[in-house]
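S.K.:
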Amino acid sequence: MATRGVEVAAAKARRRLRHHATVLAGSVAAAAAEPPPPHSQIVAMRELFERQNGRPPPPPLAVADDGSLLDSTVAALRDGVADAVGREDFLEAERLHRALAVLGPQEQPLRFEDCASLSLDGKADFFAKNGFCVVPKCFEGAELERLQRSWRRAQQPAREQYEAWRDTGAEVDLPHGKLWFDIPVKTLLEESVADGGDPVLLQLLGPAPLLPVLDRIVGTPELCGVQPRTLAPDTPEVVSGYSGWHRDGEQGPTNDLLRSRGRVVKAFVYIFDVGPEQGATSVVPGSFRLATGPQWLTRQYGFGENEAEGGELPVTAMPNHFKFAAKAGDCIVFDIASWHSAMPNHTGLDREAVILGYKNGSHVGRATARTGDMPTPELLRELDERGLLSDEHKGLLREIYQP
Ligand SMILES: O=C(O)CCC(=O)C(=O)O
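Residues in the sequence shown are numbered consecutively from 181, following my numbering.
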């Protein structure tokens, strides 16, 4: 009798896990007819789930303290694949299988070295499989030192404004959140031609070692966002990863459609070294292929607010994530459909990086492909007239500037 009770409980638990797994794998196609979601992806996804299911979304998949999926979760995903195949629902089987491949046990976690020394072909293959690759030494030696010096000069006024806002609540004209601020792109580029300024800052729009990689993974790349970002350390009131796990450009179910119209990537170039506890940006290898974002799984989309709107998993417990702790001048580039987040910053030091967006030149969803601020055509003309824009840079900027 007791055994039977255990079996029933076990079967129930398996059903529950299978259900969560299905939610993770997501029913994007079924939702395609829904109107575009409002301001917040999470709110929209929750509402969508409730509308479709008549109840609030379930808790996330079961994950152990070390961030690995519990064996029972893995078993539930495997059962889910088998069930779906039995029902001849091969699309569902494939979705669950992908979730298992990305979140389930891995032979070895990926490391920086696995990608850093690869040839261009190797990087392209690595990207095709994992949705990201690293490009070390985009800046080094004397050029890096010049970049760091001029970045600091350009950053100073923005830092003063951000600190005044933080200390007194004074108004600021900057992209910023509780834990971060961006140097306005105009300021950054004006600094490149100011008295005592340095044109090396212009190289940030398209670092030379990154360009061949972009040609391979994006096609003909166009710049679609520049975010010269300083991420402050966590405070007792605001603990980070300030962004939480998410994917970009996901307007709910339309994401697949957008992606089918051309790849959009983000590149992070670190201006100063970033240690493992210093807010390092992180991605889940292979997650760009999953049908949904990670919102069921983790606390996310806080961007400094830490609203626990999504799942319960803390930022650091994401299974199989790759943490990009790296040297100044190193770069990571990832498909914006990859699940990504900043990690908490416990070091007391800022994390300083430029975040660049690039899209394929034929991308149709232009408005949604914007990932940040952009230089104005007037400023670009001025830089061009001074002979400071290379042909490569003009190529990256052709959507907004034609000489
Ligand atoms: O700053 C980071 O590491 C993450 C930023 C981010 O999530 C984003 O650019 O979408």
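From the three backbone atoms N, C-alpha and C, an ideal C-beta is built for every residue, glycine too.
Exposed or buried, what is Asp571 when buried is set at 16 or more other beta-carbons lying within 10 Å of its beta-carbon?
M.R.: Reading the sequence shown from its first residue, position 391 is the one you call residue 571. By the 10 Å Cβ count, Asp571 comes out exposed.
S.K.: With which residues is Met522 paired in a DSSP beta bridge?
M.R.: Position 342 of the sequence shown holds residue 522. Sequence check: residue 522 is Ala here, not Met. For Ala522, which the question treats as bridged, DSSP gives the partners Thr461.
S.K.: In the DSSP assignment, what residue or residues form a beta bridge with His356?
M.R.: If you number the sequence shown from 1, residue 356 lands on position 176. His356 is bridged to Phe361.
S.K.: Cβ-heavy atom distance between Ile451 and ligand 1 below 7 Å?
M.R.: For the purposes of this step, residue 451 is taken as residue 271 along the sequence shown, with counting starting at 1. The answer is no for Ile451.
S.K.: Can you tell me whether Arg477 is buried or exposed, with buried defined as 16 or more other CB within 10 angstroms of its CB?
M.R.: Position 297 of the sequence shown, counted from the start, is the residue given in the question as residue 477. First, the amino acid is wrong: residue 477 is Leu here, not Arg. It is buried - the Cβ of Leu477 has at least 16 other Cβ atoms within 10 Å.
S.K.: Ile535 lies in the beta strand (DSSP E); which residues open and close that run?
M.R.: By one-based count along the sequence shown, residue 535 stands at place 355. The continuous beta strand (DSSP E) containing Ile535 extends over residues Arg531 to Asn540.
S.K.: Along the beta strand (DSSP E) that carries Leu559, what are the first and last residues, could you check?
M.R.: On the sequence shown, residue 559 is found 379 positions in, with the first residue counted as 1. Not the beta strand (DSSP E): Leu559 falls in the alpha helix (DSSP H), residues Pro557 to Glu565.
S.K.: Mind the definition here: the stretch 329-343 touches the stretch 462-474 only if three or more C-beta pairs lie below 8 Å; say whether that holds.
M.R.: no
S.K.: Taking Ala279 as the reference, give the member of Gly321, Leu300 and Leu257 with the closest Cα.
M.R.: Within the sequence shown, numbered from 1, the residue matching residue 279 stands at position 99. Taking only the C-alpha atoms, the option nearest Ala279 is Leu257.
S.K.: Measure the CB-CB distance between Thr410 and Glu532 and report whether it falls below 8 Å.
M.R.: In the sequence shown, counting from the first residue as 1, residue 410 sits at position 230. In the sequence shown, counting from the first residue as 1, residue 532 sits at position 352. In this structure, Glu532 lies closer than 8 Å to Thr410 by Cβ.
S.K.: Got a sec: does ligand 1 put a non-hydrogen atom nearer than 7 Å to the Cβ of Arg443?
M.R.: To locate residue 443, count along the sequence shown from 1; it is residue 263. No - ligand 1 has no heavy atom lying nearer than 7 Å to the Cβ of Arg443.
S.K.: Return yes when at least one heavy atom of ligand 1 lies under 7 Å from the C-beta of Thr461, else no.
M.R.: Mapped onto the sequence shown, residue 461 falls at position 281. Because some heavy atom of ligand 1 lies under 7 Å away, the Cβ of Thr461 counts as near it: yes.
S.K.: In this structure, how does DSSP classify Gly424 when only helix, strand and coil are distinguished?
M.R.: What you label residue 424 is simply residue 244 of the sequence shown in a count that begins at 1. Here Gly424 carries a strand assignment [DSSP, helix/strand/coil].
S.K.: Need the endpoints of the beta strand (DSSP E) that Arg409 sits in, please.
M.R.: Your numbering for residue 409 matches position 229 in the sequence shown. It spans Pro401 to Leu411 - the beta strand (DSSP E) in which Arg409 sits, taken as one unbroken run.
S.K.: Going by the C-beta, is Ser521 closer than 7 Å to any heavy atom of ligand 1?
M.R.: To locate residue 521, count along the sequence shown from 1; it is residue 341. Flag set: Cβ of Ser521 near ligand 1.
S.K.: Can you tell me whether DSSP reads Lys503 as helix, strand or coil?
M.R.: For the purposes of this step, residue 503 is identified with residue 323 of the sequence shown, where counting begins at 1. Looking at Lys503 - three-state DSSP - the assignment turns out to be strand.
S.K.: Helix, strand or coil for Phe448 per DSSP?
M.R.: The residue you call residue 448 lines up with position 268 of the sequence shown. If DSSP states are grouped into helix, strand and coil, Phe448 belongs with the strands.
S.K.: Going by Cα to Cα distance, which pick from Phe270, Leu559, Val418 and Asp414 is closest to Leu382?
M.R.: Locating residue 382 in the sequence shown gives position 202, where the first residue counts as 1. Residue Leu559 is the option with its Cα nearest to Leu382.
S.K.: My guess is that Phe361 and Tyr342 are in contact by the Cβ rule of under 8 Å, so how many angstroms apart are they, rounded?
M.R.: Taking the sequence shown and counting its residues from 1, one reaches residue 361 at position 181. Taking the sequence shown and counting its residues from 1, one reaches residue 342 at position 162. Phe361 to Tyr342, Cβ: 4 Å. Contact.
S.K.: Grab the span of the beta strand (DSSP E) containing Asp515 for me, first residue to last.
M.R.: Stepping through the sequence shown from its first residue, residue 515 is reached at position 335. Asp515 -> beta strand (DSSP E) spans Cys511 to Asp515.
S.K.: In this structure, how does DSSP classify Phe606 when only helix, strand and coil are distinguished?
M.R.: Missing from the structure shown is residue 606; the chain here goes from 181 to 583 and no further.
S.K.: Any heavy atom of ligand 1 closer than 7 Å to the beta-carbon of Ile535?
M.R.: Along the sequence shown, one-based indexing puts residue 535 at 355. It does: the Cβ of Ile535 is within 7 Å (strictly closer) of some heavy atom of ligand 1.
S.K.: With a 10 Å radius around its C-beta and 16 neighbouring C-beta atoms as the bar for buried, classify Leu300 as buried or exposed.
M.R.: As a first step, residue 300 is located in the sequence shown; it is residue number 120 there, counting from the start. Its Cβ having fewer than 16 others within 10 Å, Leu300 is exposed.
S.K.: Does any heavy atom of ligand 1 sit closer than 7 Å to the C-beta of Asp428?
M.R.: The residue labelled residue 428 in the question sits at position 248 within the sequence shown. Ligand 1 approaches Asp428 closely enough that one of its heavy atoms is under 7 Å from the residue's Cβ.
S.K.: Measuring straight from C-alpha to C-alpha, what distance separates Ala388 and Gly399?
M.R.: Translated into the one-based positions of the sequence shown, residue 388 becomes position 208. Translated into the one-based positions of the sequence shown, residue 399 becomes position 219. If I take the Cα positions, the gap works out to 16 Å.
S.K.: Using the three-state DSSP reduction, which class does Cys295 fall into: helix, strand or coil?
M.R.: Taking the first residue of the sequence shown as position 1, residue 295 is located at position 115. In the structure shown, Cys295 sits in a helix (DSSP, three-state: H, G or I).
S.K.: Does Glu272 pass the burial test, meaning 16 or more other C-beta atoms within 10 Å, or should it be called exposed?
M.R.: Sequence index remark: in the sequence shown, residue 272 carries index 92 (1-based). It counts as buried.
S.K.: When the cut-off is 8 Å and only beta carbons count, does Glu558 lie next to chain D?
M.R.: Chain labels in this structure do not include chain D; a single protein chain is all it has.
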